[in-house]
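All remarks here apply to the structure that follows.
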Amino acid sequence: MKIDEFFRTYVEPFETCDYHWEQDKGFIVWRLGTGLNIELLHIRAFAVRKGYGRYLVYRMLEALQRSPPYYSIFGFTRLSNTRAASFYSSLGFNLQHIQGLYRDGATVMFWQSYDELMKQKEIYEDSIRGKALPVFIE
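For the numbering used here, count along the sequence shown from 1 and bump the result up by 80.
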């Protein structure tokens with residue numbers, strides 16, 4: 081293997097992060113990991129309980145549609161951050177407790193398949209589209 085092939089295959093794909101930023105809503109940062117998995121690195125909604133976190137995750141999923149396939153999306157949060165765990169669970173992520181990952185406390189790994197998150201996104205967006213109910217005339 082030559083050095084340029086080494087960099088192209090094993091270094092360059094993992095050198096950069098991608099992100100979505102909106103001044104009034106917040107930001108989300110992610111990167112490609114090994115095995116076609118996406119690691120969610122940071123997410124911050126500038127206001128809580130307004131749906132901005134969900135909105136940011138869905139913008140990430142839309143951005144990822146440009147170059148699929150991906151296997152899963154995962155990330156980590158501290159076990160003590162129950163609000164974050166609840167948020168990820170509400171989006172359809174699985175939660176797994178991990179001991180010893182962070183020096184200052186237990187960790188929760190959140191993960192879900194890319195395809196399942198896309199299905200959950202579609203279900204959610206269909207539910208808020210305000211589709212008119214059929215009118216029955218007797």
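Each residue gets a CB set at the ideal place from its N, CA and C atoms; glycine is no exception. Note that this is a predicted model, so its numbers are computed, not measured.
Contact check, residue i vs residue j, beta carbons under 7 Å
| i | j | result |
| --- | --- | --- |
| K105 | Y138 | no |
| N117 | S152 | yes |
| Y168 | F154 | no |
| I178 | M140 | no |
| L159 | V188 | yes |
Straight-line Cα distance separating residue j from residue i
| i | j | result |
| --- | --- | --- |
| E205 | F94 | 31 Å |
| M81 | G113 | 22 Å |
| T157 | S193 | 18 Å |
| R163 | A186 | 15 Å |
| D195 | S166 | 21 Å |
| I208 | E202 | 10 Å |
N- and C-terminal bounds of the alpha helix (DSSP H) containing residue i
| i | result |
| --- | --- |
| G133 | Y132 to L144 |
| L197 | Y194 to I208 |
| T162 | T162 to S170 |
| E85 | I83 to F86 |
Residue i - partner residues in DSSP beta bridges
| i | result |
| --- | --- |
| R183 | The partner list for R183 (beta bridge, DSSP) is empty, contrary to what the question assumes. |
| F173 | In the DSSP output, where bridge partners are listed per residue, F173 has none listed. |
| V188 | T157 and H177 |
| S147 | The partner list for S147 (beta bridge, DSSP) is empty, contrary to what the question assumes. |
Boundaries of the beta strand (DSSP E) in which residue i is found, first to last residue
| i | result |
| --- | --- |
| Y99 | D98 to E102 |
| G106 | G106 to L112 |
| R124 | N117 to A125 |
Practice task
Would you check if there are 3 or more beta carbon pairs closer than 8 Å linking the segment 117-136 to the segment 81-91?
Solution key: They do not touch, by the three-pair rule.
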